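Everything below concerns the one structure shown next.
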Amino acid sequence: MGKVVGSAAEAVADVGEGASLAVGGFGLCGIPSVLIGALLERGVGGLRVVSNNCGVDDWGLGLLLRAHRIARMTSSYVGENKEFERQYLSGELEVELCPQGTLAERLRAGGVGVPAFYTPAGVGTQVAEGGLPWRYAPDGSVAVASPAKEVREFTVGGTTRPYVLEEAIRTDVALVRAAVGDTAGNLVFHESARNFNPLCAMAGAVCVAEVEELVPAGSLDPDRVHLPGIFVQRVVALAAEEARDKRVERRTVRPAAPAGAGAGEEVGS
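Following this line, the structure appears as structure tokens:
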């Protein structure tokens, strides 16, 4: 079944006010930047977004945030976005912080139909006991706090310890980016872009994938496919310049080796 749509704007045309979104990527790696841009142009707001992080101030989900289109974020890391911090502390944005592995498993569970699961992550902290500030009031007090979660003891491998119950995440729409996709929606992700993109795709009732390279159905080796097309409803083929337009979140380099230095020789700073 062909799933290719003509443009990113067409692909997100039915995303409504207040929709919930699972958005793939890790930092700025593998983020669906073209679909995010189309959603920004669409002008809908009140969005409830689940993503590992919220981009940076001028790229990725940070663009939607800066335009005040996001009402609530569920994330595990938010340290690269000053506007995120400002909106959260001023009470403009509701934020649910979640341990990274737990967030990944909540998305995966939503995709496979598991309603909830127990994990040791967060036991003995406000993650389990409640009280994490989800939303601040303008005066700095906590307007909405996280609720307490069920904690039970289980014996695993002869060791008894407490585990906290975490609920699965399902969203109205998932936005993801793949290195290669076919017309049936089968996707291949490049290296670390594979971490949250497949999980977000699984969690969305409708998954929209932007792909850097579109190939005919049947041309991908099944062993190469990271996400089967059953999870994907719409595919957008990126233009060459769109596929190349990627940001580096934090560029690091090491000193160049002195001329004539051999392999394994120590290089001074």
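For the sequence shown, UniProt numbering assigns the number 1 to the initial residue and increments by one for each residue that follows.
The beta-carbon is built from N, C-alpha and C at its ideal position, and this holds for glycine as well.
Quick caveat, the model's predicted, so the values are computed rather than measured.
Proximity to residue i [Cα-Cα], best of the options
i           : options                        : result
GLU212      : GLU191, ALA240, GLY16          : ALA240
PRO147      : ARG161, PRO138, PHE154, LEU165 : LEU165
LEU107      : VAL5, GLY24, VAL34             : GLY24
THR125      : GLY229, GLU150, PHE117         : GLU150
PRO133      : GLU80, LEU89, TRP59            : LEU89
VAL34       : ARG48, CYS98, ARG247           : ARG247
residue 272 : TYR118, LEU64, ARG48, GLY113   : Since the first residue of the chain shown is 1 and the last is 269, residue 272 is not available in this structure.
GLY113      : ASN53, ALA168, GLY46           : ALA168
GLY60       : GLY46, ARG72, CYS29            : CYS29
MET73       : ASP58, LEU214, THR171          : THR171
ALA121      : GLU96, ILE70, PRO162, PRO115   : PRO162
LEU220      : GLU249, ALA179, ARG244         : ALA179
residue 270 : GLY27, LEU97, CYS54            : The structure shown does not extend to residue 270, since the chain spans only 1 to 269, so no value can be given for it.
GLY6        : LEU238, GLU249, PRO258         : LEU238
VAL236      : ARG86, VAL127, GLY181          : GLY181
DSSP state of residue i mapped onto helix, strand, coil
i           : result
ILE31       : coil
PRO120      : coil
SER20       : strand
LEU132      : coil
SER269      : With a pLDDT of 36 at SER269, under the threshold of 50, the modelled position of that residue is not reliable, and no figure is offered here.
residue 308 : Past the boundaries of the shown model lies residue 308; the chain is included only from 1 to 269, so the question cannot be answered.
VAL112      : helix
SER7        : coil
ASP58       : coil
PHE26       : strand
GLU210      : strand
GLY181      : strand
ALA67       : coil
ASP223      : helix
LEU175      : strand
ARG254      : coil
Residue i versus residue j: straight-line alpha-carbon distance, rounded
i      : j      : result
ALA174 : ILE31  : 12 angstroms
GLY110 : ALA201 : 10 angstroms
PRO138 : ALA145 : 15 angstroms
GLU129 : VAL176 : 33 angstroms
ALA209 : GLN100 : 23 angstroms
LYS3   : THR183 : 6 angstroms
ARG234 : ALA11  : 7 angstroms
ALA9   : VAL78  : 27 angstroms
PRO228 : GLU242 : 24 angstroms
LYS82  : PRO222 : 42 angstroms
SER192 : ALA13  : 29 angstroms
ARG69  : GLY158 : 49 angstroms
GLY38  : VAL215 : Looking at the sequence provided, one finds Ala at residue 38 rather than Gly. Whole-angstrom Cα-Cα distance: 23 angstroms.
PRO115 : THR102 : 14 angstroms
ARG194 : VAL253 : 24 angstroms
LEU63  : CYS54  : 9 angstroms
GLU96  : GLY204 : 19 angstroms
Same chain, Cβ closer than 8 angstroms to residue i, neighbours up to 5 away in sequence not counted
i      : result
SER141 : none
VAL225 : ASN186, LEU187, VAL188
ARG152 : TYR118, PRO162, TYR163, LEU165
LEU40  : LEU63, LEU64, ALA67, ARG69
GLY249 : In the sequence as displayed, the identity of residue 249 is Glu instead of Gly. Excluding residues within five positions, the ones whose Cβ falls inside 8 angstroms are GLY27, LEU28, CYS29, VAL56, GLU80.
Cut-off 7 angstroms between Cβ atoms - residues of its own chain near residue i, not counting five sequence neighbours on either side
i      : result
GLY16  : VAL44
ALA104 : PHE196, LEU199
CYS207 : ALA174, VAL176, ALA201, PHE231, VAL232, GLN233
SER269 : Unreliable placement is indicated for SER269, whose pLDDT of 36 sits below 50; no coordinate value is reported for it.
ALA143 : GLY91, ARG135, TYR136, ALA137
Integer-rounded CB distance, given that residue j should sit under 8 angstroms from residue i
i      : j      : result
GLY91  : ARG135 : 6 angstroms
ASN52  : SER75  : 6 angstroms
TYR118 : PHE84  : About 30 angstroms separates the two Cβ atoms, so there is no contact after all.
VAL56  : GLU80  : 5 angstroms
GLY46  : ALA22  : About 16 angstroms separates the two Cβ atoms, so there is no contact after all.
Sequence-distant residues of the same chain with beta carbon closer than 6 angstroms to residue i, five excluded per side
i      : result
VAL123 : PRO162, VAL164
THR160 : GLU153
GLN87  : LEU93
GLY131 : ALA145
Cβ-heavy atom distance, residue i to the ligand SAM, below 7 angstroms
i     : result
ASP14 : Because no ligand of any kind appears in the structure shown, any question about the ligand SAM cannot be addressed here.
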